[in-house]
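The sequence shown runs 3 to 84 under this note's numbering.
Even glycine gets a Cβ: it sits at the ideal position worked out from N, Cα and C.
Report on the structure given below.
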Amino acid sequence: MKDFYSVMEKGEVGAADYYEKKRETVLETIAPICEAFGITEYDYKIVGQLEVLWVEGTGIDCTRNSIAATVKSLVHHIASRL
Numbered sequence: 003m004k005d006f007y008s009v010m011e012k013g014e015v016g017a018a019d020y021y022e023k024k025r026e027t028v029l030e031t032i033a034p035i036c037e038a039f040g041i042t043e044y045d046y047k048i049v050g051q052l053e054v055l056w057v058e059g060t061g062i063d064c065t066r067n068s069i070a071a072t073v074k075s076l077v078h079h080i081a082s083r084l
């Protein structure tokens, strides 16, 4: 199983681009999971300090979550819809 706790961008990330880098990393990480379940509508939006994972029109609050916690939220969402 992939170690989602170790998914990170190498190098320095300043405060100005932290959220953009996090968004890119979250989307890259969840893309294969969404593909496997036929989910085509997903996004990770950050407004101010609010972080929301959008999956097929459903918003999941992921504020201050690690990438691993965001993946778990996605898997829980998928499991609850089966």
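- Excluding sequence positions up to five away, which residues of its chain have a Cβ less than 8 angstroms from the Cβ of T60? The residue you call residue 60 lines up with position 58 of the sequence shown. Correct list, in chain order: H79.
- Message: Can you tell me where the beta strand (DSSP E) holding T42 begins and where it ends?
- Response: Against the sequence shown, residue 42 aligns to sequence position 40. That residue, T42, is in no beta strand (DSSP E); it is neither H nor E in DSSP.
- Query: Where I69 and V28 are concerned, what is the direct C-alpha to C-alpha distance, given to the nearest angstrom?
  - Reply: Stepping through the sequence shown from its first residue, residue 69 is reached at position 67. Stepping through the sequence shown from its first residue, residue 28 is reached at position 26. Those two C-alpha atoms are separated by around 6 angstroms.
- Query: Got a sec? Which residues, its chain only, sit under 8 angstroms from A71 by beta carbon, not counting five neighbours each side?
  - Reply: The residue you call residue 71 lines up with position 69 of the sequence shown. The residues are C64.
- Message: Taking DSSP's pairing of strands, which residues face T27 in a bridge?
- Response: Residue 27 sits at position 25 when you count from the first residue of the sequence shown. Beta-bridge pairing links T27 to no other residue.
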